[in-house]
Amino acid sequence: MQADKLTRRVFIGLIAGVFLGLLGNFLINSDYTLLQNIWQLINVALVLIGKWFIAGLKMIVVPLVFLSLVCGISHGNQQSLGRLSAWTFALYIAMTVCAITIALTVSNISQPGQGVRLGNTEYQPASSPSVMDTLASLIPANPFLAMTQGDMLQIIIFALLFGLALKKYGVENQRLLTLFNDLNGVILKLVNMIMAFAPIGVFALVTTVMAQQGLKIILPLANYFLTIIIVLMIQLFVVYGSMLKIVGKVSPSIFFSKVRDLSLFAFSTASSAATIPVTFKTVEEKLGVDRDISSFTIPLGATVGMDGTAIMQGVAVVFIAGA
Numbered sequence: 000m001q002a003d004k005l006t007r008r009v010f011i012g013l014i015a016g017v018f019l020g021l022l023g024n025f026l027i028n029s030d031y032t033l034l035q036n037i038w039q040l041i042n043v044a045l046v047l048i049g050k051w052f053i054a055g056l057k058m059i060v061v062p063l064v065f066l067s068l069v070c071g072i073s074h075g076n077q078q079s080l081g082r083l084s085a086w087t088f089a090l091y092i093a094m095t096v097c098a099i100t101i102a103l104t105v106s107n108i109s110q111p112g113q114g115v116r117l118g119n120t121e122y123q124p125a126s127s128p129s130v131m132d133t134l135a136s137l138i139p140a141n142p143f144l145a146m147t148q149g150d151m152l153q154i155i156i157f158a159l160l161f162g163l164a165l166k167k168y169g170v171e172n173q174r175l176l177t178l179f180n181d182l183n184g185v186i187l188k189l190v191n192m193i194m195a196f197a198p199i200g201v202f203a204l205v206t207t208v209m210a211q212q213g214l215k216i217i218l219p220l221a222n223y224f225l226t227i228i229i230v231l232m233i234q235l236f237v238v239y240g241s242m243l244k245i246v247g248k249v250s251p252s253i254f255f256s257k258v259r260d261l262s263l264f265a266f267s268t269a270s271s272a273a274t275i276p277v278t279f280k281t282v283e284e285k286l287g288v289d290r291d292i293s294s295f296t297i298p299l300g301a302t303v304g305m306d307g308t309a310i311m312q313g314v315a316v317v318f319i320a321g322a
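This is how it looks when you write it as structure tokens:
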């Protein structure tokens, strides 16, 4: 399926899901038992479709990330990989610091928690792991366990080491290199097959969320939601836009137009891991990014460069303090 057609269908699925979800929310809260029962049957099917779609995406994340990294490293240059790693880590850290700074600044101005009553809620936070434990856990003692648990950082480390070893071994033996390239091609075909169902999956996910939440949850927390949206827009268009223009020498408007289907998909699934296959497809086919680069930066970005999460947590801290 062509990317433009997929984008339109995903957008149509999203809009249709919003309207049907609001209708479902009305039926759930109606006084007619028959209408409630009918919607419950529809909702069961939609929930199942949504779970299947997300599960299908998560199913291919680990093999996609592992094979892409292994193939990228085994064909790439070790010296350029070192420079890429350093610049990537530095950029992700800088963007996250920028995101949390903007979130705290805007939140202190808007005061999203003012006037909100949380009630007598008690929360016991879990103890955070030490820096030493965090660094020690980067190397997987059992790489297969890391894959089954979806531990992306450990998978990335193992894939990097495996790719370097394969590169050295492949100098004398090309069979393994060819095998991994073929496996990577099969996974990419599987990505295309699953993405063909994206409009239906997005429709089901959005419908169930809107039917369950409706608009009643948004109104009391409008200031909180609005603050997060404002900070996200600043980070997206001002910070990222400036980086694209100054560092990347790329037109921000052209860039954002090419990643619109990716943005819609990320919005509808709210999952960094589930969005990885779509990100690979978009940056390589629409933006022309080399696979040697995308195979390293995308999985790492989905694990480390989570500016949206940093923004949400920054605003949430001020919101809770004010409430």
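Note that numbering that gives the first Met the number 0 gives residue 129 to position 130 of the sequence shown, counting from 1, and the numbers run on in steps of one.
Idealized CB from N, CA, C, for every residue including glycine.
Note that this is a predicted model, so its numbers are computed, not measured.
| Query | Result |
| --- | --- |
| Between which two residues does the alpha helix (DSSP H) holding Leu182 run? | 174 to 194 |
| Between Ser136 and Pro142, is the Cβ-Cβ spacing less than 9 Å? | no |
| Helix, strand or coil: which one does DSSP assign to Met305? | coil |
| Mapping DSSP to helix, strand and coil, what is Val96? | helix |
| Within 10 Å of its beta-carbon, does Thr296 have 16 or more other beta-carbons around it, so buried, or fewer, so exposed? | buried |
| Is there contact here, the segment 182 to 192 with the segment 93 to 103, by at least three beta-carbon pairs under 8 Å? | no |
| Below 8 Å, how does it come out for the segment 155 to 170 and the segment 246 to 266: are there three or more Cβ pairs, yes or no? | no |
| Please list the terminal residues of the continuous alpha helix (DSSP H) segment that includes Ser256. | 251 to 257 |
| Helix or strand or just coil, what does DSSP make of Asn141? | coil |
| Applying the 10 Å Cβ sphere with the 16-neighbour rule, what's the burial state of Leu26? | buried |
| Find the nearest neighbour of Gln312 within the set Phe179, Thr226, Val43, judged by alpha-carbon distance. | Thr226 |
| I need the DSSP call for Lys244, collapsed to helix, strand or coil. | helix |
| Kindly indicate which three-state DSSP category Tyr31 falls into: helix, strand or coil? | coil |
| Cα separation between Pro139 and Phe236? | 37 Å |
| Applying the 10 Å Cβ sphere with the 16-neighbour rule, what's the burial state of Asn107? | exposed |
| Closer than 6 Å by C-beta to Leu66: which residues in its own chain qualify, once you throw out the five before and the five after it? Chain order, please. | Leu182, Asn183, Ile186 |
| Looking at Leu299: is its Cβ nearer than 9 Å to the Cβ of Tyr91? | yes |
| Quick one: what does DSSP say Gly300 is sitting in, helix, strand or coil? | helix |
| Note down, in chain order, each residue of its chain lying with its Cβ closer than 8 Å to the Cβ of Thr281, except the 5 sequence neighbours on either side. | Ala2, Lys257, Val258, Asp260, Leu261 |
| Beta-carbon within less than 6 Å of Ala265's beta-carbon, same chain only, minus the 5 sequence neighbours each way: which residues are those? | Thr274 |
| Indicate the three-state DSSP secondary structure (helix, strand or coil) for Gly20 in the structure shown. | helix |
| I'd like to know whether the C-beta atoms of Leu214 and Asn24 end up nearer to each other than 9 Å. | yes |
| Using only alpha-carbon positions, find the residue among Ile37, Ile72, Ala221, Thr177 that is nearest to Ile155. | Ile72 |
| Under the three-state reduction of DSSP, which class applies to Ser73: helix, strand or coil? | helix |
| Pick from Cys97, Leu83, Phe10: whose alpha carbon is nearest that of Ile310? | Cys97 |
| What is the C-beta distance between Asn327 and Ser109, in whole angstroms, given that I count them as a contact (C-beta under 8 Å)? | The chain is shown only over 0 to 322; residue 327 falls outside these bounds and no answer can be derived. |
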